[in-house]
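*Asks:* Residue numbers (full-length UniProt numbering): 1 to 642. Here it is, the structure in full.
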Ligand code: DMJ
């Protein structure tokens, strides 16, 4: 018989019983019954071996307990019994006595038993509770987790020197007529806000006729209270402090950016981050700064493209980005990726984190290196290849605020960022050469460069440029301040004409200078007015720089027309045809109506010391941000950078 040491532990490894080949000389001598008995003994032996194997103690289990469970790690300093001392704990195994081992196992078993019994008791208790009680408990747990997360997110940000905040409050205008006009604008703001609060609270915008919430694809499917955030600073400067606090309270309790929603990076930046930052600077309430920083973190994944030019849209939850389907072969848009600078520089300033600043400076450096056809920036840029898309150039939609932000980057840095100023000067020289023309009737207009020729059409959006030229006049190259102020005045005049030549005295979305037509819309789908601010914005800048009373008069005409034709009992609505005496409503109260249109009107009838332009720079959504003294392309205003 083989010795136990040679026995296989598994039947598979037993050599096949080959009586014929291994033992040939015995074959003849063994009878059938003897063979049978031998077989019987062998199989009994194999069975015994199997049994012995299964009854052996499972050493692997002991090993696991010894190394893995703290329960059997006993504080010990005496290694004399052969155990290893690991930081004051004795690991069992080598040389440990049997008795102690069994005690340990017993103790463990008892513990497991006790744990099971406890869990069983708890489950029984749970079952005794009603559904509602269980639900309430789950909710309490959820709230606890949410609170913890909130605490984590609400870490105070590093302190930075507060910029010079001048002109947050101002005296009432002494002129009674002006005071009354200003009060009327304030009343319009109240009407817009109260109806939004009543019918659209928490939604992005309001449908003033249907009296319910409204949203568009720029906000994805989110309900992020765009109107609340966009309106905050207007409420503040109008002295509507109760309304401001309502908004603050909603933001504090409800504004959550961890939503599975695909939003426009540009729109969220100018309306939300711009709005929150302005509210923070005006009111000093930390919650706005924290929310702005949280939201900015959600936008950062949009910059993960091969070139660092951000996607137009990003999913706030997953961070996945993409571009608009309609934009020239998957391109990003100049006015979108080029309108992040002001807000992102402020974010870096306030947080001491250069990440935001680096993102926008990277965009600037990339644009600086690129060839520009005729010195013009095309509206489309492919974020994968870094090449321009279609060669369309516009100072209106798709291009507009890129130019605005070059100028404002310089102003915002207390005129230290001369690189931005140079880019602005170069750009507007090319624009003047190639896009600005005078009509036969003597109206100065800004056309669009499309497919190798100038389209003689100007958008309502382009009208902001009058204010931009005036704002950039001081500090212009070759001291052409007078020239640019004049250009601003001419654009303001043209845009006023586009209002004055309509039935409602409200401007169309786009107007032509072609075939005998001057400053009027031709196509039906260009005749609408959606409560846009650009013309009134230009009036306000021109008023601040010239104090020519015609700008207040033009602003008042526009305010009256809005109140007459856009006001409904549930708020304010856009109109579909400014040439019709009974126009249909579009049933949308845009958030920029509260952020911009009413703010610029209010400022037009306020004293100049309310948000003076030497100390404040308005982002493209009219959110005022203070001037920061920043050395050229550095953040030296923040000690974190010194
Ligand atoms: C606003 O959201 C901003 O002014 C943006 O720059 C373009 N225009 C809309 C309002 O018309």
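Glycine residues also receive a C-beta, built at the ideal position from the N, C-alpha and C atoms.
For residue 91 and residue 104, I'd like the C-alpha separation in whole angstroms.
*Replies:* Confidence in residue 91 is poor, its pLDDT being 31 and thus under 50, which makes the residue's placement unreliable; the coordinate value appears in the next sentence. So the two alpha carbons sit approximately 12 Å from each other.
*Asks:* If you draw a straight line from the C-alpha of residue 415 to the C-alpha of residue 476, how long is it?
*Replies:* Spanning the two alpha carbons is a distance of roughly 12 Å.
*Asks:* So, under 8 Å CB-CB, residue 375 and residue 426 are touching, yes? Tell me the CB distance rounded to an integer number of Å.
*Replies:* Confirmed, Cβ separation roughly 7 Å.
*Asks:* Can you grab the Cα-Cα spacing for the pair residue 409 / residue 420, in whole Å?
*Replies:* Computed Cα separation, rounded: 6 Å.
*Asks:* Considering only the beta carbon of each residue, do residue 509 and residue 526 sit closer than 8 Å?
*Replies:* Their beta carbons are under 8 Å apart, which means residue 509 touches residue 526 by this criterion.
*Asks:* Compare the C-alpha of residue 388 against each of 397, 373, 394 and name the closest.
*Replies:* Measuring from the Cα of residue 388, the nearest candidate turns out to be 373.
*Asks:* Classify residue 170 as helix, strand or coil using the three-state DSSP reduction.
*Replies:* Coil at residue 170, not helix or strand.
*Asks:* Rounded to whole angstroms, what is the Cα-Cα separation between residue 562 and residue 445?
*Replies:* Near 24 Å, if we compare the C-alpha coordinates of residue 445 and residue 562.
*Asks:* The alpha helix (DSSP H) that contains residue 205, what's its start and end?
*Replies:* Premise fails: residue 205 lies in the beta strand (DSSP E), 205–207, not in any alpha helix (DSSP H).
*Asks:* Go ahead and pull the three-state DSSP assignment for residue 501.
*Replies:* Three-state DSSP puts residue 501 in coil, outside helix and strand.
*Asks:* How many angstroms separate the CA atom of residue 619 from the CA atom of residue 187?
*Replies:* Near 24 Å, if we compare the C-alpha coordinates of residue 187 and residue 619.
*Asks:* Taking 7 Å as the cut-off, does the CB of residue 644 come closer than this to any heavy atom belonging to the ligand DMJ?
*Replies:* A question about residue 644 goes unanswered here, because the residues of the chain that appear run from 1 up to 642.
*Asks:* For residue 210, collect the residues of the same chain with a Cβ closer than 7 Å to its Cβ; drop the 5 residues on either side in sequence, then sort them by chain order.
*Replies:* Excluding residues within five positions, the ones whose Cβ falls inside 7 Å are 587.
*Asks:* Can you give the Cα-Cα distance for residue 304 and residue 314, rounded to whole angstroms?
*Replies:* Those two C-alpha atoms are separated by around 10 Å.
*Asks:* Mind checking whether the beta-carbon of residue 400 lies closer than 7 Å to any heavy atom of the ligand DMJ?
*Replies:* Yes.
*Asks:* Which residue comes first and which comes last in the alpha helix (DSSP H) that contains residue 357?
*Replies:* Where residue 357 is concerned, the enclosing alpha helix (DSSP H) stretches over 355–369.
*Asks:* If you count every other CB in all the chains shown that lies within 10 Å of the CB of residue 382, and 16 or more means buried, which is it?
*Replies:* Classification of residue 382: buried, given that the 10 Å Cβ count is 16 or more.
*Asks:* Closest Cβ-Cβ distance between residue 583 and chain C: below 8 Å?
*Replies:* The structure shown contains no chain C, having only a single protein chain.
*Asks:* Express the C-alpha separation of residue 320 and residue 98 in angstroms, rounding to a whole number.
*Replies:* Each residue's Cα considered, the two are about 60 Å apart.
*Asks:* Where does residue 458 sit, in a helix, a strand or coil, going by DSSP?
*Replies:* In this structure, residue 458 counts as strand in the three-state DSSP scheme.
*Asks:* Kindly give me the distance between the Cβ atoms of residue 271 and residue 621, rounded to whole angstroms, as I take these residues to be in contact under 8 Å.
*Replies:* So it is a contact: roughly 5 Å between Cβ atoms.
*Asks:* If we count the other Cβ atoms within 10 Å of its Cβ and call it buried at 16 or more, is residue 229 buried or exposed?
*Replies:* Answer is buried; the Cβ neighbour count reaches 16.
*Asks:* Who are the near neighbours of residue 281 in its chain, counting only those whose CB is closer than 8 Å to its CB and skipping five residues on each side?
*Replies:* For residue 281, where only same-chain residues beyond five positions count, the Cβ hits under 8 Å are 163, 165, 624, 625, 626.
*Asks:* Just to confirm before moving on: does the CB-CB distance between residue 328 and residue 380 stay below 8 Å?
*Replies:* Against a cut-off of 8 Å, the Cβ pair of residue 380 and residue 328 comes out as a contact.
*Asks:* Give the range of the alpha helix (DSSP H) segment to which residue 617 is assigned.
*Replies:* Premise fails: residue 617 lies in the beta strand (DSSP E), 616–618, not in any alpha helix (DSSP H).
*Asks:* With DSSP run on the structure shown, which of helix, strand or coil describes residue 572?
*Replies:* It is a strand residue.
*Asks:* Does DSSP put residue 333 in a helix, in a strand, or in coil?
*Replies:* Reduced to three states, the DSSP call for residue 333 is strand.
*Asks:* Between the Cα of residue 431 and those of 400, 503, 519, spot the shortest distance and give me the residue it belongs to.
*Replies:* Out of 400, 503, 519, 400 has the C-alpha closest to the C-alpha of residue 431.
*Asks:* Please report the residue range of the alpha helix (DSSP H) in which residue 604 lies.
*Replies:* From DSSP, the alpha helix (DSSP H) with residue 604 extends over 598–604.
*Asks:* Mapping the DSSP letters down to three states, classify residue 307 as helix, strand or coil.
*Replies:* Coil, per DSSP.
*Asks:* Out of curiosity, what's the CA-to-CA distance linking residue 423 and residue 342?
*Replies:* Taking the straight line from one Cα to the other gives about 15 Å.
*Asks:* Can you say whether residue 543 is buried or exposed, counting buried as having 16 or more other CB atoms within 10 angstroms of its CB?
*Replies:* Looking at its Cβ environment, which holds 16 or more other Cβ atoms inside 10 Å, residue 543 is buried.
*Asks:* Buried or exposed: residue 248, going by 16 or more other Cβ atoms within 10 Å of its Cβ?
*Replies:* When all chains shown are included, residue 248 counts as buried.
*Asks:* Since residue 402 and residue 339 are thought to touch, with beta carbons under 8 Å apart, how far apart are those beta carbons, to the nearest angstrom?
*Replies:* Going by Cβ atoms, the distance from residue 402 to residue 339 rounds to 6 Å, so yes, they are a contact pair.
*Asks:* For residue 221, which of 316, 134, 295, 463 has the nearest alpha-carbon?
*Replies:* Measuring from the Cα of residue 221, the nearest candidate turns out to be 316.
*Asks:* Relative to the ligand DMJ, is the shortest distance from any of its heavy atoms to the C-beta of residue 592 smaller than 7 Å?
*Replies:* Yes, the beta carbon of residue 592 sits closer than 7 Å to at least one heavy atom of the ligand DMJ.
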